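Read the structure below first, then the notes.
Residue numbers (full-length UniProt numbering): 1 to 294.
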């Protein structure tokens, strides 16, 4: 049996003179009488393959080395029934083969690959293997004029703080609609937190804002929304530009985004104020009836 330089169980590096893996204790197959150790590609982490090395001349096997990447990042032989790292089932059952259902897990895009080759969760701040910092700390700019450096003369600001051209259909940063949400089927109130609420709602279901009156927030370039009376951002302390504001909006049933004081929808011609009044009247009647029967 020939020795290998990576443990197939835990992926730990194995030296030629180690009969057992120091990581998990698995037998490595080292034979003192065999002086020709064979270099094989690591099967624990896909990150090792970032090296510009062709491993093929060192693979001593009768068959071609075929492998698949599990959702945990472990490289498995194509014939493995279960993943050696996470235990996920790799082989298909006869029934799944009949219905052509792929039961093999796929590599998750939520994983982050460290420079050392370890696969980490995107939520990790440091690498679990080498300790390297995976998420860079936010560097706050001291540019006090960043909120006043406007790119366009006539702009529309999204709830995320991004500046867009006036007639842009969608925000170029977050993709939120800036003109039309598409057919909603009913009139809605768009809160300054970007949440759509029923037109009869008194308060926002997300942030609790009062929806019975116009609300204005000044949005900083960092994305934080501030009360309109503030001069400096609560998050980054930059001076605020009152022109970078977002306001409570009405959204027609056809999806058109309207100003708070709109009477008619310019897209479909609907009488917005009359519809809102009718909705509020019906809602008030229903509430009164409920109170009577309590």
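For glycine and all other residues, C-beta sits at the position ideal for the given N, C-alpha and C. Note that this is a predicted model, so its numbers are computed, not measured.
Between which two residues does the beta strand (DSSP E) carrying residue i extend?
i	result
residue 155	155 to 157
residue 283	Run containing residue 283: none in the beta strand (DSSP E); it sits in the alpha helix (DSSP H), 272 to 292.
residue 198	196 to 198
residue 225	225 to 227
residue 164	163 to 165
residue 190	188 to 190
residue 250	249 to 251
residue 168	Note, residue 168: premise wrong, no beta strand (DSSP E); not H, not E.
residue 121	119 to 121
residue 218	216 to 219
Taking residue i as the reference, which of the options has the closest Cα?
i	options	result
residue 187	219, 198, 179	198
residue 211	191, 221, 222, 229	191
residue 193	254, 209, 230	209
residue 162	185, 203, 223, 206	223
residue 267	175, 253, 18	253
residue 226	159, 19, 24, 203	159
residue 237	220, 134, 18	220
residue 255	206, 234, 189, 164	189
residue 272	251, 206, 112	251
residue 228	216, 239, 249	216
Rounded to whole angstroms, how far is the Cβ of residue i from the Cβ of residue j, which I believe are closer than 8 angstroms?
i	j	result
residue 247	residue 214	6 angstroms
residue 147	residue 241	4 angstroms
residue 24	residue 14	Rounded, the Cβ-Cβ distance is 11 angstroms, inconsistent with contact.
residue 156	residue 149	So it is not a contact: roughly 17 angstroms between Cβ atoms.
residue 195	residue 280	Between residue 280 and residue 195 the Cβ distance is about 20 angstroms, and since that is not below 8 angstroms, they are no contact.
residue 259	residue 274	The Cβ separation is near 17 angstroms, so there is no contact.
residue 257	residue 181	7 angstroms
residue 169	residue 178	6 angstroms
Would you call residue i buried or exposed, if buried means 16 or more other Cβ atoms sit within 10 Å of its Cβ?
i	result
residue 78	exposed
residue 127	buried
residue 151	exposed
residue 218	buried
residue 83	buried
residue 95	The predicted model places residue 95 with a pLDDT of 47, which falls under 50 and marks its position as unreliable, so this point remains unresolved.
residue 48	Because the pLDDT at residue 48 is just 44, under 50, the model does not fix this residue reliably, and the value given afterwards should be weighed accordingly. Classification for residue 48: buried.
residue 120	buried
residue 244	buried
residue 174	exposed
residue 207	exposed
residue 130	exposed
residue 285	exposed
residue 134	buried
residue 28	buried
residue 289	exposed
residue 230	exposed
residue 278	exposed
Going by the DSSP bridge assignment, what does residue i pair with across the sheet?
i	result
residue 239	232
residue 20	27
residue 257	251
residue 212	None; residue 212 has no bridge partner.
residue 82	89
residue 180	256
residue 113	119
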